[in-house]
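Remarks on the structure that follows.
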Amino acid sequence: VHGDWWTIWHHTDTFSLDYLAEFCPDAELAAYSRRSRKEVGGLGRNVTVFDNVREWAYSAVREFWRPNGYEAWADAVRAACESANAFGREQGGPLPVSEIKATAKSIARWVWNRFTPAGFSQVQAHRGAKGGKVSKGGGRPRNSGRADELLPEVLRLKAMGYTNRDIAEDLKISAGSVSNYLRRERE
Numbered sequence: 001v002h003g004d005w006w007t008i009w010h011h012t013d014t015f016s017l018d019y020l021a022e023f024c025p026d027a028e029l030a031a032y033s034r035r036s037r038k039e040v041g042g043l044g045r046n047v048t049v050f051d052n053v054r055e056w057a058y059s060a061v062r063e064f065w066r067p068n069g070y071e072a073w074a075d076a077v078r079a080a081c082e083s084a085n086a087f088g089r090e091q092g093g094p095l096p097v098s099e100i101k102a103t104a105k106s107i108a109r110w111v112w113n114r115f116t117p118a119g120f121s122q123v124q125a126h127r128g129a130k131g132g133k134v135s136k137g138g139g140r141p142r143n144s145g146r147a148d149e150l151l152p153e154v155l156r157l158k159a160m161g162y163t164n165r166d167i168a169e170d171l172k173i174s175a176g177s178v179s180n181y182l183r184r185e186r187e
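Read in order, the letters of the sequence shown correspond to residues 1 to 187 in the UniProt record's numbering.
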């Protein structure tokens, strides 16, 4: 910083990316969400990169199903691996480029060969054949009456300055449900 400039620090606290993301509601942050991102575990950084990128790859491959789409697909997987290779010093730093290339190649090839348009059609047909026979919700009515119980608590915690994610964790509901409650209250 140049000596003629003054830096005024208003906050000495650090902020999590999840907290800062709440101020960017239109940003596409699915790749960075807590649900889709695994933390570095005891198995190593390369396993963490592999697990995070492979989960993304299973659905992302559909955008590349076209003639000669493999090269673009391989580039996209490599970019995702490079993005996921953001490890700090306390975690051992980023992986070497050669390891990222090998991981990306492995994911790209495996997903490309096993997730095909024909296979996707079969899976969708199977899901459609099940129809209403098996319901994840078990036929329970929407909200199951919990909304009336939870809304006052959601509003109270939000007024106290809690983030949607913190409220969701406290009340054992999803952050999306918290957002829905708050949006309905504003309407």
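Glycine is no exception: its CB is placed at the ideal position from the N, C-alpha and C atoms.
Put simply, of N164, E185 and R66 the residue whose alpha carbon is nearest the alpha carbon of W112 is R66.
Straight through space, the alpha carbons of E22 and V178 are spaced by roughly 12 Å. With respect to the C-alpha of A104, the residue from D148, A147, V49 and Q122 having the closest C-alpha is V49. In the DSSP assignment, W112 falls within the alpha helix (DSSP H) that extends over V97 to R114. Non-local beta-carbon contacts of P94 in its own chain, meaning distances under 6 Å to residues more than five positions away in sequence, involve N85 and F87 in chain order. Per DSSP, G128 is one residue of the alpha helix (DSSP H) stretching across P117 to K130. Contact check for R62 and F120: beta-carbon distance about 7 Å, within the 8 Å limit, so the pair qualifies. The alpha-carbon of K101 is positioned some 45 Å away from that of V154.
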